[in-house]
Amino acid sequence: MASLTLENVVKQYGRVTAVHGVSLSIADAEFVALLGPSGCGKTSTMRMVAGLEHISSGDIRIGGVVVNHRSPAERQIAMSFEHYGLYPHLTLFGNIAYPLAVRGTAEREIKSRVFEIANLLHVEDYLSSHPTEVSSGVQQRVSLARALVRSPSVFLLDEPLSHLDAEMRSRMRGELKRLQKAKRSTMLYVTHDQLEAMTMADRIAIMNEGRLQQVGTPREIYDRPANRFVATFIGEPPMNMIDATTANADDAILLRSANGGRVALLDGEPRERLLGAAPAVGGRVAVGVRPTDLDVVAPGNAGIPARVRLREFRGDDVLMTFDTAATRVRVIVQRDTAPDVGHNVVLVPRGDRLHLFSAESGDAIGHTGDRPDATRSTPL
-3 MASLTLENVV KQYGRVTAVH GVSLSIADAE FVALLGPSGC GKTSTMRMVA
47 GLEHISSGDI RIGGVVVNHR SPAERQIAMS FEHYGLYPHL TLFGNIAYPL
97 AVRGTAEREI KSRVFEIANL LHVEDYLSSH PTEVSSGVQQ RVSLARALVR
147 SPSVFLLDEP LSHLDAEMRS RMRGELKRLQ KAKRSTMLYV THDQLEAMTM
197 ADRIAIMNEG RLQQVGTPRE IYDRPANRFV ATFIGEPPMN MIDATTANAD
247 DAILLRSANG GRVALLDGEP RERLLGAAPA VGGRVAVGVR PTDLDVVAPG
297 NAGIPARVRL REFRGDDVLM TFDTAATRVR VIVQRDTAPD VGHNVVLVPR
347 GDRLHLFSAE SGDAIGHTGD RPDATRSTPL
């Protein structure tokens, strides 16, 4: 295996810049997910790494060697894309075996490796069939098997699980991660599915509009998003954003929402952490709080006045949507939480789980983080 490095890589299509100076280093045997919405430039980035797209500027290194002008075959990579690209005249066995056969691998080894990867991906019963004779899910698993049967320097996987059903996707996430660790493979995995990225990757690189927004471990990105885009893109349901202004309250920082409700009272350790970065009194901020980090309490308490708009039963919990004077807020509560549609309540964000963002740039101002001694409001 080998490391993979992108240095200020740019991709232009005529006057349109699809990838803006992306720099990313992936260590040997590391699993990195390139995550972002459709059209953000992640597939163009992968295709440049693969040698399928010309690099407008910048360098791509595999194992420390610049490969800008090398063909895909010369880059020692294995690829699996959302569109399977299987050879229709070959059986599924022949498709999986093809990259080994063209390299002159012994027939006994080919059979051994094909059956091993076929069993792992649960396609062993279809090996004598042709691509047109099996479902799209089987075809996608065969495409993935064809990439994984080799031992290249770098694996490039673009949405390889997108056409699988939910149960198979869940199973394959674990198997693919286990295989990557067992083989110590260097892997760049493109996806728009945050669950895939969060559960599988050592690190996540988030893209939007052709630019890298943040690179970090799943925990770092979830707990300390670099900007509003990352904060609302990671997490399901997404992080709530509440526009607020700062105000004095003795020696604490008081954040008030547009309708005058108290968003949070920051004191103690959270206050010290944010005091130097927060705007002056009267400054505008966006307060981010995840749906799991709000309490629903009775009217008359300090907090954000709200009315229940919707209750969605999800089995272990309930997703509630609230209307406030300024915005709509979603909260995950226990399944027996009392208020029903139309009831008035107060929402109280946890002071130890707040994220502050600049109202102008959207960049993170700071995060209060976890406090082991944090207490929660008394729920309804």
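Using my numbering, the first residue of the sequence shown is number -3, and each one after it goes up by one. By construction, the Cβ of each residue, glycine as well, lies at the ideal position given by its N, Cα and C atoms. Since this is a predicted model, take the numbers as computed values, not measurements.
- Fully contained in the stretch -3 to 62 are the following beta strand (DSSP E) runs of length 3 or more, in chain order: 0 to 9, 12 to 22, 27 to 31, 53 to 58.
- Residue state for residue 291 is assigned as strand, using DSSP reduced to three classes.
- Nearest neighbour of residue 293 by Cα position, chosen from 110, 120, 334, turns out to be 334.
- Buried is the label assigned to residue 40, since at least 16 other Cβ atoms lie within 10 Å of its Cβ.
- Put simply, the backbone Cα of residue 188 is about 27 Å away from that of residue 115.
- Here the alpha carbons of residue 336 and residue 134 stand approximately 45 Å from one another.
- DSSP, reduced to helix, strand and coil, places residue 160 outside both helices and strands of the structure shown, so it counts as coil.
- Beta-bridge analysis with DSSP links residue 185 to 29, 153.
- For residue 280, the enclosing beta strand (DSSP E) starts and ends at 280 to 285.
- Annotation: the continuous alpha helix (DSSP H) that includes residue 112 extends over 103 to 116.
- Per DSSP, residue 208 is one residue of the beta strand (DSSP E) stretching across 207 to 212.
- Going by C-alpha positions, residue 362 is about 22 Å away from residue 323.
- DSSP places residue 340 in no alpha helix (DSSP H) but in the uninterrupted beta strand (DSSP E) bounded by 340 to 345.
- For residue 305, the enclosing beta strand (DSSP E) begins and ends at 300 to 309.
- The three-state reading of DSSP puts residue 195 in helix, counting H, G and I together.
- With contacts defined as CB atoms closer than 8 Å, residue 148 and residue 360 fail to qualify as a contacting pair.
- The alpha-carbon separation between residue 230 and residue 339 amounts to approximately 30 Å.
- In this structure, residue 202 sits near residue 226, with a CB-CB distance shorter than 8 Å.
- Residue 82 and residue 321 have their C-alpha atoms roughly 55 Å apart.
- Looking at the DSSP output, residue 67 shares a beta bridge with no other residue.
- Annotated as proximal: residue 157 and residue 168, with beta-carbon spacing under 8 Å.
- Rounded to whole angstroms, residue 312 and residue 296 show a C-alpha spacing of 29 Å.
- DSSP, reduced to helix, strand and coil, places residue 89 within a helical segment of the structure shown.
- Take the alpha-carbon of residue 143 and the one of residue 241: they are about 53 Å apart.
- If you draw a straight line from the Cα of residue 37 to the Cα of residue 29, it comes to about 13 Å.
- Taking C-alpha positions only, residue 44 is separated from residue 52 by approximately 10 Å.
- When the Cα atoms are used, residue 177 and residue 319 turn out to be separated by approximately 46 Å.
- Within the same chain, and ignoring the five residues on either side of residue 207 in sequence, the residues whose Cβ sits closer than 7 Å to its Cβ are 16.
- When only Cα atoms are considered, residue 344 and residue 358 end up about 23 Å apart.
- The beta carbon of residue 3 sits closer than 6 Å to those of 19, 54, 55, all from its chain and outside the five residues before and after it, given in chain order.
- In the three-state reduction of the DSSP assignment, residue 99 falls in the coil class.
- In the three-state reduction of the DSSP assignment, residue 359 falls in the strand class.
- Put simply, of 77, 330, 136 the residue whose alpha carbon is nearest the alpha carbon of residue 46 is 77.
- In the DSSP secondary-structure assignment, residue 318 is bridged to 304, 325.
- A check of alpha carbon separations from residue 151 across 103, 100, 140 identifies 140 as the nearest.
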